[in-house]
Amino acid sequence: MLTIGAVAAQTGLTEHTLRYYEKIGLLDPVPRGPGGQRRYREQDLRWLEFLLRLRATGMPLRDMLAYAEQRRVGNTAESLALRRKLLAAHADKVAEEIAVLQSTLQLLQGKIDIYRGWEASLPLSYQLDKE
């Protein structure tokens, strides 16, 4: 079991954010040790890592909360379908963003190649050290 400080260090989240996630229901209530200190379990860390992936890919907090609420409902047919739909919609958005980024990368690589060509056409005395 890990303390809130250890989980914050491991995940990159602040202690305040961890408390907030628990308060709003994104995290299930964390067991407490003597003196009321939070004691995070391995399953809490796995869930946090999943949430961090969703957050890193731009999933809105409201969708993350909806997913967490359905997770607490359990594996009913309705809950499973709702969670699948939430993840599928988000995956579609992520795929669109990746396509835009790939297109942008291609454009940038083309521009870089143009500059390399221009640099190569300069007389040797004008060429800078290439990195």
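Per the UniProt record's numbering, the sequence shown starts with residue 1, numbered consecutively.
Each residue gets a CB set at the ideal place from its N, CA and C atoms; glycine is no exception.
Owing to the predicted nature of the structure, the values given are computational and were not obtained by experimental measurement.
Residues that residue i bridges to, as DSSP identifies them
i   : result
Y40 : L2
Supposed close pair residue i, residue j - CB separation, criterion 8 angstroms
i   : j   : result
I4  : L18 : 6 angstroms
G58 : K93 : 7 angstroms
M1  : Y40 : 6 angstroms
Y67 : R83 : 6 angstroms
beta-carbon residue i near the ligand NAD non-hydrogen atom, thresh 7 angstroms
i    : result
I114 : Only the bare structure without any ligand can be found here, which leaves the ligand NAD out of the picture.
Neighbourhood of residue i by C-beta, 7 angstroms cutoff - its chain only, sequence neighbours within 5 removed
i    : result
A88  : none
S79  : Q70 and V73
R8   : A small correction: the amino acid at residue 8 is Ala; Arg does not occupy that position in the sequence shown. Excluding residues within five positions, the ones whose Cβ falls inside 7 angstroms are T14, E15 and L18.
S103 : none
R32  : R38 and R39
Cutoff 8 angstroms; reference residue i; Cβ partners in own chain excluding five residues on either side
i    : result
P60  : none
L86  : D63, A66, Y67 and Q70
D113 : none
T76  : none
6 angstroms CB neighbourhood of residue i in its chain, flanking five on each side removed
i   : result
Y21 : L27
Inter-stretch contact (C-beta, 8 angstroms, three-pair minimum) for the region 11-20 and the region 41-58: Taking 8 angstroms as the limit for Cβ pairs, the verdict is that the region 41-58 does touch the region 11-20.
Given 8 angstroms, three or more beta-carbon pairs between the region 63-77 and the region 29-41: Flag = no, the region 63-77 and the region 29-41 do not touch.
Every unbroken alpha helix (DSSP H) within the region 8-89, with a cutoff of 4 residues, ordered by chain: 15-24, 42-56 and 61-73
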